[in-house]
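A.B. asks: Residues in the sequence shown are numbered from 2 upward in steps of one, following this note's numbering. Using N, Cα and C, we set each Cβ at its ideal position, and we do this for glycine too. Sharing a structure, written as structure tokens. Questions coming.
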Amino acid sequence: MSNKEKEDSFSNFVFRMMEEEDLPEVEKIESETFKEPWPYEALEYELKENPFCHSFSLEKDGKIVGYAFLHIHDCYSHLVNIAIEKKFRGKGVGEHFLRQIIKKAEMSGALNMVLEVREGNVAAVNLYLKLGFKIDKKQKKYYHDGEDALIMSLKLGSK
2 MSNKEKEDSF SNFVFRMMEE EDLPEVEKIE SETFKEPWPY EALEYELKEN PFCHSFSLEK
62 DGKIVGYAFL HIHDCYSHLV NIAIEKKFRG KGVGEHFLRQ IIKKAEMSGA LNMVLEVREG
122 NVAAVNLYLK LGFKIDKKQK KYYHDGEDAL IMSLKLGSK
């Protein structure tokens, strides 16, 4: 499949800035995705109060199917949270969404992007590697349940 065909297959997905009305659907995806989901108040804080946070929604047919919170400060960006609704995983939707987020970070002047991911989240790790992220280190017992995290980074603007 060519890049144009890939883009056409995602033409019915809308990448946009998150709005307050998205939060209930974001919270639902968050709760269904993560072992340690953020509470509603944390999601709301990121959207409404954190001056460094860029909050994105991915919409299909008027429904939120993915979201991300990206902190940008000067030339540094940190992908603090990203999730795609379960039924859309493994279909290239996450890759499409993440590519849009990377473009936004570059447009904002960020020179790199970092993230933490559970070592056991093989699908996410493989996606990040596919998009050029490098594993910088393993953080032992990073998560409350004792699972290790991989700290990954991507140099922006080099493609």
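Which first and last residues belong to the beta strand (DSSP E) in which G67 is found?
C.D. replies: It spans K64 to H74 - the beta strand (DSSP E) in which G67 sits, taken as one unbroken run.
A.B. asks: Using only the alpha-carbon positions, how far apart do L182 and K88 sit?
C.D. replies: Lying before the first or after the last residue shown, residue 182 is absent from the chain, which here runs from 2 to 160.
A.B. asks: Would you call the segment 120 to 136 and the segment 85 to 104 in contact, with 3 or more CB pairs under 8 Å?
C.D. replies: yes
A.B. asks: Take V126 as the anchor and find which of Q140, I152 and A106 has the nearest alpha-carbon.
C.D. replies: I152
A.B. asks: Taking only runs of the beta strand (DSSP E) that begin and end inside the segment 107 to 140, which ones reach a length of at least 3 residues, in chain order?
C.D. replies: 113 to 119 and 135 to 140
A.B. asks: According to DSSP, F57 sits in a beta bridge with which residue or residues?
C.D. replies: Note: F57 sits in a beta bridge opposite M18 and A69.
A.B. asks: Quick one: what does DSSP say Y143 is sitting in, helix, strand or coil?
C.D. replies: coil
A.B. asks: Should N82 go down as buried or exposed, given a rule of 16 or more other Cβ atoms within 10 Å for buried?
C.D. replies: buried
A.B. asks: Report the residue from E22, H72, K105 and E148 whose alpha carbon sits nearest the alpha carbon of P52.
C.D. replies: H72
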